[in-house]
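Chemist: Everything in the sequence shown is counted per the UniProt record's numbering, starting at 1 for the first residue and increasing by one.
Just so you know, even glycine gets a beta-carbon here, dropped at the ideal spot from N, CA and C.
Below you'll find the structure I mean.
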Amino acid sequence: MYVPLILGKPLHLWLGIIMIFLLVFQVLTGKRILKLPFVYHRLNAIAIIIIAAVHAFFGLGIWFFNFQIR
């Protein structure tokens with residue numbers, strides 16, 4: 001198994017950056033700083049769970065199972 005490179009950086013790095021933005025968006029919609037319908041808060045939570053799982057899979061794979069970065 002290997003971790004693909006996107007623009008010269010491993011995929012799990014990009015997923016981590018996306019996670020930061022999604023978490024900030026989640027807090028802003030949850031605290032009602034951004035006043036959007038609740039459905040966006042719920043859909044964002046689902047996206048966070050999926051991206052966090054993929055991010056963890058690649059991160060743990062690199063750390064513990066020596067996934068190659070190509």
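So PHE67 packs on VAL27, CB below 8 angstroms; how close in whole Å?
Modeler: Not confirmed; about 31 angstroms, so no contact.
Chemist: For LEU5, which three-state DSSP category applies?
Modeler: strand
Chemist: Starting from the C-beta of ILE51, find all residues in its chain whose C-beta is less than 8 angstroms away, skip the five residues before and the five after it, and write them out in chain order.
Modeler: LEU15, ILE18, MET19 and LEU22
Chemist: Would the beta-carbon of LEU11 fall within 7 angstroms of that of PHE65?
Modeler: no
Chemist: Mind checking which residues open and close the alpha helix (DSSP H) that includes LEU28?
Modeler: 11–30
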